[in-house]
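Quick note, our numbering runs 7 ahead of the 1-based positions in the sequence shown. Glycine included, C-beta positions come from ideal geometry on N, C-alpha and C. None of the values given here were measured: they were computed from a predicted structure. Structure first, commentary second.
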Amino acid sequence: MTSAFTSPAGAQLPPERAAVVSVRNVSMSYPGVRALREVSIDILPGEVHCWVGENGAGKSTLIRVLAGAQQPELGCIVVNGELAELSNPHVAIRMGMSFILQELSVVDGLSVADNILLGNEIKRGPSVRVADTRARAHELLDRIGFGFVDVRLPVRALSIAEKQAVMIARALHLDAKVLFLDETTATLDNEEVARLFEVMRGLRAEGRSLVFVSHRLHEVEQIADRVSVFKDGTIVATLSGAEITQSAMVRFMVGRDIGDMFPSKLRDKGEQVLVARLLSTDSVHDVELSVRRGEILGIAGLVGSGRTELLRALFGLDPLRSGSLTVHGVPAVFRSPRDAIRSGLALVPEDRRSQGIVALRSVEENVTLSWMTRQRRRLRWRAEGRRMAADLVEELRIKTPSLHQLVGLLSGGNQQKVVIARWLSIRPDVLLLDEPTRGIDVGAKAEIYKLIDKLARDGMAVVVVSSELPEILGLSNNVLVMHGGRAVAHLSGDTSEEEIIRFAMATEGN
Ligand SMILES: Nc1ncnc2c1ncn2[C@@H]1O[C@H](COP(=O)(O)OP(=O)(O)OP(=O)(O)O)[C@@H](O)[C@H]1O
Ligand SMILES: [Mg+2]
């Protein structure tokens, strides 16, 4: 029967008997978008099944269908040999499926214990047994190596990795047989990813199944038993064992070899554009940095080391306590981002949902927003704005049915591209990028690297914060390493991952 797994989806396969979940010929459309076309896929017991594919390929949509949040138009889903009517999220949970999504559905104000047992509290009569609830929550967290988390704390106080652990503990309390993790490593640092993978391996050893969606193909290579590649709403290949290589995944995803991910770093550097001297805010301390025209400066460091806060300080988002900034040799005081933008700076923020996009506006409006505010006679510029938006949509390969589509309806990675397009539209002198390729597929990543390189070559000074060391090394002419809010090392771009990690992990006083 194994040969059936490598058959193209859409063929009329019978449900695989051994499977925990069998999806058969499922089709689903959003207005104007066919998100899934006759998809068939099996989740086997005790496997880590990774789903990869370009932005907008349909991965999250299939998860939403399995979660009971979207109804398919055609096809059926069989769970444990039983035809499932996934008409609402409760059914999915009852059938043994749990979902850990990037937009975590924890309740920030409730305690860790209450989040884990929410709706399934341990009761005696009508009243909740608080002590038992806490003990149970602790036991579950301990099982996955997070026993150090205080279950009485509000979830708000936890890191993202710990919040994910809470969701996994909740899934275990519900005795989920299949856990779906949609891009859950995008916001974790390397150590946290390693720990999550340990947890996943433990759950697999218990015979549970895990579906793991990720754009980080090196991680997929590490953890996957099987990989299904999504493309344009279908599954174009399912790989297993030795077939699972990054290049094979890329070939099926993109339909071609990408070649070199990174452009050459030999760039002509010009005069200094942005210089910071002993820059301090509440969260960064005495940072020195300078960027020249044509230079890409990479900022590395662990999550929480002050990288984002440094960009905020440079962009006038956090008030300076001391130190100074100059732009083109002229002292600059930014009381707000508006001042920074006027001086030629732009910031592509890390958290696109709260800071980047206007979900209820169209792609065109989002792309031209910053550019338009610079134009005086708006009506006159409408047509030009539209042309520019169309060009950027094409250049960045933003997948959207039209320029009028609401940005909130695009897939995650495509929303990120819209944010980048917005700032590219104003062609700034200094471009600050915070995790520019988070959640972006490999093909588009290579495109974005090319674009960043081109902008530098055209004379822009670029600062890139990234948790992905290959990205830092592949792009940067110089690297600044942050630790505890301080710049602990200024390295040249030919440094190594090991050296960066050594500085990033350095303990105070070293
Ligand atoms: N609520 C919605 N309304 C309209 N179209 C949508 C909606 N949600 C998703 N889409 C579209 O459906 C298609 C599939 O999107 P989906 O979110 O499943 O992609 P994905 O594979 O998860 O991508 P990514 O890697 O970027 O997260 C995309 O073209 C997307 O724009
Ligand atoms: Mg998605």
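Close Cβ partners of residue i (< 7 Å) along its chain, the five nearest in sequence each way excluded
i    : result
E199 : A168
S343 : G323
G415 : A366 and L367
N373 : I364, V365, V414, V425 and R429
G277 : R299, R300, G301 and G466
G351 : V334, P435, D436 and V437
Residues sharing a beta bridge with residue i, DSSP
i    : result
L246 : V234
R404 : Paired residue(s): none; R404 is not in a bridge.
D441 : V472
E228 : DSSP output for E228 lists no bridge partner at all.
D189 : V220
H97  : For H97, which the question treats as bridged, DSSP gives no partner whatsoever.
V525 : This structure cannot settle anything about residue 525, because the visible part of the chain is limited to 8 through 517.
E89  : V86
Residue i classed as buried or exposed, judged by whether at least 16 other C-beta atoms fall within 10 angstroms
i    : result
E478 : buried
Q412 : buried
A11  : Residue placement at A11 is poorly supported in this model, since its pLDDT is 36, which falls under 50; the coordinates are not used for a value here.
R208 : exposed
L285 : exposed
N95  : exposed
T252 : exposed
N484 : buried
Y456 : buried
R163 : exposed
V340 : exposed
Range of the contiguous alpha helix (DSSP H) that encloses residue i
i    : result
T68  : K66 to L73
M207 : N197 to A212
N122 : V119 to L124
I455 : V449 to R464
A320 : R314 to L321
Where residue i falls: helix, strand or coil (DSSP)
i    : result
D49  : strand
V114 : coil
I2   : Here the chain has residues from 8 to 517 only, and residue 2 is not among them.
N485 : strand
G60  : strand
I364 : coil
A283 : strand
F106 : strand
M395 : helix
T502 : coil
T241 : strand
V162 : helix
P344 : helix
Residue i: first and last residue of the uninterrupted beta strand (DSSP E) it sits in
i    : result
T333 : S329 to V334
I167 : Taken as a continuous stretch (DSSP letters only), I167 belongs to no beta strand (DSSP E), being part of the alpha helix (DSSP H) at I167 to H180.
S377 : Segment V370 to M379 is the alpha helix (DSSP H) holding S377; no beta strand (DSSP E) there.
S254 : Not the beta strand (DSSP E): S254 falls in the alpha helix (DSSP H), residues Q253 to V261.
P133 : P133 -> no beta strand (DSSP E), and no H or E assigned at all.
A307 : I303 to A307
N421 : Element bounds for N421: not the beta strand (DSSP E) but the alpha helix (DSSP H), G419 to L431.
N32  : V28 to Y37
Residues of its chain near residue i, where Cβ-Cβ distance is below 8 Å and the 5 sequence neighbours each way are ignored
i    : result
V33  : L43, E45, V46, S47, L69, V72, P79, L81, G82, C83 and I84
G75  : L93, S94, N95, P96, H97, V98 and A99
L224 : V59, Q253, M256, V257 and V449
Below-9 Å beta-carbon distance, residue i vs any chain D residue
i    : result
S350 : Included in the structure is just one protein chain, with no chain D present.
Beta-carbon proximity list for residue i, same chain, < 6 Å, skipping 5 on both sides
i    : result
L438 : A353, M467 and V469
K452 : T444
S297 : Q279 and V282
L498 : V486
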